[in-house]
Amino acid sequence: MAHEHTAEGTDPDPGTLDAHREQVVTDAVVASFTTAKDERLREVMQALVRHTHAFIREVRLSEDEWNQAIAFLTAVGHTTTDTRQEFVLLSDVLGISMLTVAVNDATAAPGVIKATEATVFGPFFVENSPRIEPGGDIAHGATGEPSLISGTVSDTAGNLIAGARIEVWEADSDGMYDVQYDNDRLTGRAHLYSDADGRYQFWGLTPTPYPIPDDGPVGQLLDAAGRSPMRASHLHFMVTAPGFRRLVTHIFVAGDAYLGTDSVFGVKESLIYDFERHEPGTPTPDGRVIPGTWTSTVFDIVLSAEEHSP
Ligand code: BEZ
Ligand code: FE
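As numbered in our numbering, residues 1 to 310 make up the sequence shown, in order.
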């Protein structure tokens, strides 16, 4: 490309010309959103353009790479169905889901006790889980070592909350959620309510590690990056009560091999719990005699008030 001569008769630095040509594109696209009626849309789109353009400049994206990126996102779209959300999975493995959780975190809410930290929702929640009574069992045939989970639900001032709805779901000992099987089973999930004293207790399964669905484009990306698809062992909770922010979280198992390399960056120190293992035949607090080992843990849930939403 011929360079124009400056007044002094010297060629300007080609790098400066490139930077100028590139900035003209960015400025034009940012300016194109100034007409957005919705102020938030304008703010978000202008920032998105500035950051994606800066990324392209930083890595000097080639046209081949741009084509590969489009092919990859197209494959992510084609893999997505009513029951498989590959875009959310991509957001999860890029840490975008966890960063969004962090940005919206409510644990800084004032109070004597810190609100329970949130973590990723994941793709395996389903509406209309079976209701169990306090002390009931969520397994409904899912295989695994029995685990007794109990605790309280309170606010950040320590007041116990009666009638909080507690949704729980988890994978079986083969690392599979019910919805990943071909039949219509509804196992390893349920909901219950905290009692008049704000207490809850249920039987589940000692969580075990499992891989996120890795037979699609996101799995190929992990493989190319030399990353493991494994999630640290966990049990999902979603807790709601009138006047409180919805809490979506997990509890993790202390000592688990994948705590440091969780594929979706969901582990938080405050969510790691000891699952105490009991010898075969040890009677349970509710009078069951389990022939094999069983575990127990106590998870006290603290909700932040709705007004502390960010
Ligand atoms: C899960 O824990 O269920 C999960 C979370 C993110 C991606 C895949 C699975
Ligand atoms: Fe999970």
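Heads up, the beta-carbon is just placed ideally off N, CA and C, and yes, glycines get one too.
Please determine, among the options, the residue with the shortest C-alpha to C-alpha distance to residue i.
| i | options | result |
| --- | --- | --- |
| residue 147 | 28, 111 and 203 | 203 |
| residue 136 | 96, 26, 287 and 254 | 287 |
| residue 216 | 51, 85 and 197 | 85 |
| residue 279 | 228, 293 and 285 | 293 |
| residue 134 | 128, 106, 198 and 124 | 198 |
| residue 141 | 258, 55 and 189 | 189 |
| residue 127 | 284, 179 and 72 | 179 |
| residue 238 | 74, 166 and 21 | 166 |
| residue 53 | 246, 88, 30 and 122 | 30 |
| residue 23 | 11, 151, 106 and 56 | 56 |
| residue 33 | 46, 21 and 40 | 46 |
| residue 100 | 223, 265, 219 and 255 | 265 |
| residue 118 | 124, 98 and 68 | 98 |
| residue 261 | 226, 83 and 270 | 226 |
| residue 123 | 96, 106 and 87 | 87 |
| residue 76 | 218, 94 and 173 | 218 |
In this structure, does DSSP put residue i in helix, strand or coil?
| i | result |
| --- | --- |
| residue 201 | strand |
| residue 112 | coil |
| residue 42 | helix |
| residue 284 | coil |
| residue 98 | helix |
| residue 78 | helix |
| residue 293 | coil |
| residue 209 | coil |
| residue 246 | coil |
| residue 240 | strand |
| residue 1 | Any answer about residue 1 is weak, because its pLDDT of 42 lies below 50 and its placement is not dependable; what the coordinates show is given next. In the structure shown, residue 1 sits in coil (DSSP, three-state: anything other than H, G, I, E or B). |
| residue 299 | coil |
| residue 12 | coil |
| residue 305 | strand |
| residue 6 | In this prediction, residue 6 scores a pLDDT of 47, lower than 50, which makes its location untrustworthy; the coordinate-derived value is nonetheless stated afterwards. The answer is coil: DSSP assigns residue 6 none of H, G, I, E or B. |
| residue 18 | helix |
| residue 140 | coil |
| residue 146 | strand |
| residue 57 | helix |
| residue 189 | strand |
| residue 63 | helix |
| residue 52 | helix |
| residue 227 | coil |
| residue 87 | helix |
| residue 335 | Residue 335 is absent from the structure shown; the chain starts at 1 and stops at 310. |
| residue 216 | coil |
| residue 235 | strand |
| residue 336 | The chain is shown only over 1 to 310; residue 336 falls outside these bounds and no answer can be derived. |
| residue 70 | helix |
When the distance is taken between beta carbons, is residue j closer than 8 angstroms to residue i?
| i | j | result |
| --- | --- | --- |
| residue 241 | residue 115 | no |
| residue 249 | residue 274 | no |
| residue 235 | residue 302 | no |
| residue 207 | residue 233 | yes |
| residue 155 | residue 120 | no |
| residue 49 | residue 26 | yes |
| residue 258 | residue 230 | yes |
| residue 139 | residue 111 | no |
| residue 89 | residue 213 | yes |
| residue 205 | residue 151 | no |
| residue 129 | residue 51 | no |
| residue 132 | residue 299 | no |
| residue 245 | residue 106 | yes |
| residue 251 | residue 222 | no |
Answer with buried or exposed for residue i, where buried requires no fewer than 16 other C-beta atoms within 10 angstroms of its C-beta.
| i | result |
| --- | --- |
| residue 161 | buried |
| residue 187 | buried |
| residue 263 | buried |
| residue 268 | buried |
| residue 304 | buried |
| residue 253 | buried |
| residue 103 | exposed |
| residue 210 | buried |
| residue 181 | exposed |
| residue 81 | exposed |
| residue 59 | exposed |
| residue 5 | Note on residue 5: pLDDT 47, under 50, position unreliable in the model; the coordinate value appears next. Result: exposed. |
| residue 35 | exposed |
| residue 194 | buried |
| residue 61 | exposed |
| residue 83 | exposed |
Check: Of all residues in the structure, which have a C-beta closer than 6 angstroms to any heavy atom of ligand 1, taken in chain order?
Finding: Taking each Cβ in turn, the ones that pass are 89, 92, 120, 122, 123, 124, 212, 231 and 264.
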